[in-house]
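One structure is given here, and the rest of the page talks about it.
Residue numbers (the numbering used here): 17 to 131.
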């Protein structure tokens with residue numbers, strides 16, 4: 017039986033109050049894989065097929081970065097690496113992920129990982 021690619025939609029609150037929306041799919045006991053998309057994209061850019069494949073091996077957390085997808089788009093905070101890092105930390109905290117997560121990003125998502 018395959019896991020649905022578009023898992024439940026959840027949200028976390030970033031350090032500046034921004035709501036960060038993300039989807040989770042896969043076995044909750046599996047190693048977490050956090051996907052961070054590129055600029056002007058959203059978590060849907062990964063595609064249902066890839067999410068389904070990854071969720072057969074990982075607990076996949078596909079994040080809509082601030083200002084993208086269904087996450088809030090505040091007027092400020094885009095030039096502050098602490099805020100980007102805080103957004104990712106808020107998602108990890110909301111999912112009770114304390115260790116062992118793999119962060120995977122492309123384009124701007126890779127820069128957010130560096131934050």
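Every residue, glycine too, gets a C-beta built ideally from N, C-alpha and C.
Contact set for residue i: own chain, Cβ-Cβ below 6 Å, skip 5 residues either direction
i, result
"residue 84", "58"
"residue 119", "50 and 129"
Sub-8 Å separation of residue i and residue j beta-carbons
i, j, result
"residue 125", "residue 54", "yes"
"residue 47", "residue 86", "no"
"residue 30", "residue 106", "yes"
"residue 121", "residue 66", "no"
"residue 49", "residue 76", "yes"
"residue 100", "residue 131", "yes"
"residue 28", "residue 89", "no"
Residue(s) in a DSSP beta bridge with residue i
i, result
"residue 37", "27"
"residue 48", "75"
"residue 120", "51"
Burial state of residue i (16 or more Cβ within 10 Å)
i, result
"residue 38", "buried"
"residue 71", "buried"
"residue 92", "exposed"
"residue 33", "exposed"
"residue 95", "exposed"
Integer-rounded CB distance, given that residue j should sit under 8 Å from residue i
i, j, result
"residue 36", "residue 82", "6 Å"
Chain-order list of residues whose beta-carbon lies under 8 Å from that of residue i (same chain, five-residue window excluded)
i, result
"residue 116", "47 and 48"
Beta-carbon contacts of residue i that lie in its chain and below 7 Å, excluding the five residues immediately before and after
i, result
"residue 97", "131"
"residue 43", "75"
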